[in-house]
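Each residue of the sequence shown is one higher than the one before, counting from 3 in the numbering used here. Everything on this sheet refers to the single structure shown next.
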Amino acid sequence: MTPAPPPVGDKCMWTLVRPDGVGFAAFQQYVLEDLAKAAGNLLPDATSVMVTFQEPNVFSGATVRVGEADRRIDAVLQITSSGSYVATDPVNSVLSGNCGHVQGWRVHPTTIFDESAPVPPGTRIPHTQMLWINQRFDGTTPEFYNRNWYIHAGHLDGEEAESEDSRRVHQQRGEQAKNRWYIQNRVLEPITPTAWVVNGFADILADGFLPGTGERYDPKVGLGEQSFDKWPPRLVQGYSYRVL
Numbered sequence: 003m004t005p006a007p008p009p010v011g012d013k014c015m016w017t018l019v020r021p022d023g024v025g026f027a028a029f030q031q032y033v034l035e036d037l038a039k040a041a042g043n044l045l046p047d048a049t050s051v052m053v054t055f056q057e058p059n060v061f062s063g064a065t066v067r068v069g070e071a072d073r074r075i076d077a078v079l080q081i082t083s084s085g086s087y088v089a090t091d092p093v094n095s096v097l098s099g100n101c102g103h104v105q106g107w108r109v110h111p112t113t114i115f116d117e118s119a120p121v122p123p124g125t126r127i128p129h130t131q132m133l134w135i136n137q138r139f140d141g142t143t144p145e146f147y148n149r150n151w152y153i154h155a156g157h158l159d160g161e162e163a164e165s166e167d168s169r170r171v172h173q174q175r176g177e178q179a180k181n182r183w184y185i186q187n188r189v190l191e192p193i194t195p196t197a198w199v200v201n202g203f204a205d206i207l208a209d210g211f212l213p214g215t216g217e218r219y220d221p222k223v224g225l226g227e228q229s230f231d232k233w234p235p236r237l238v239q240g241y242s243y244r245v246l
């Protein structure tokens, strides 16, 4: 079992698109060696900086309109802080000044399970990563979304707090997913202008890439949840690096 991470008071996530004329390899190197570190240094009391790069030749359902073209998301930056509702304008300014498109959200993370092994800064996580970016059904409430997403994740009472049932479910899932994690990130608010309406990011380490999102799962074979999110979700698939 991975040691417990430092307490999270705040967590922010940004999607990044590289500037026109910049190749993916050059952008990846710049983000890893400079931009992500600079962003982490600008977010007060940062405790973790991670960046996920969309694999160039793998399916992605996450695009934004930049000028006259639809562009795929190249990277997702995640920074946690021990502070609460920390200032993000300095980070937003640096990111927007060095990327072709940026959008960000403040989120509330819930670790469903984490069986991953710790890696030193600058190291790639040795599993593929999927970020399922979802939006709740029109005409439903945030409470409906939160409750059913928690049930879907094994909190059978629909509450975030762990219970005897959720610990049992998570232990079973963790045993089947060695060296992997599943983390829910509920959106609290956007921290930049955004191209999408987003209510949550499901962060999952997997054994391989998907050719597409496929058909919606049948909640009847789930854990008792009702369908709560629009389909298909936006999907980023690639590899993650721990920067801090």
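Even for Gly, the Cβ is constructed at its ideal location relative to N, Cα and C. These numbers were taken from a predicted model, which means no experiment stands behind them.
- The DSSP-derived three-state label of L97 is helix.
- With fewer than 16 other Cβ atoms inside 10 Å of its own Cβ, Y87 counts as exposed.
- Here DSSP, grouped into helix, strand and coil, assigns V24 to coil.
- Between W134 and L237, the beta carbon gap of about 6 Å places them in contact (Cβ cut-off 8 Å).
- If you compare the alpha carbons of A204, E227 and D116 with that of Q173, the shortest gap goes to D116.
- Straight across, the Cα-Cα distance linking T215 with P234 is about 6 Å.
- Bounds of any alpha helix (DSSP H) do not take in W198, whose DSSP letter is neither H nor E.
- The DSSP-derived three-state label of A204 is strand.
- With contacts defined as CB atoms closer than 8 Å, Y243 and V60 fail to qualify as a contacting pair.
- Given a length threshold of 3 residues, each whole run of the beta strand (DSSP E) inside the region 29 to 111 is given here in chain order: 48 to 56, 65 to 68, 71 to 74 and 77 to 83.
- DSSP places D167 in the helix class (H, G or I) of the three-state scheme.
- Close CB contacts of Q30 within its chain, under the 7 Å cut and outside five residues either way in sequence, are with F55 (chain order).
- Contact fails between the region 142 to 162 and the region 65 to 77, because fewer than three Cβ pairs, one in each stretch, are under 8 Å apart.
- Q80 and S62 have their alpha carbons spaced roughly 19 Å apart.
- Of the other Cβ atoms in all chains shown, 16 or more fall within 10 Å of the Cβ of V104; this residue is therefore buried.
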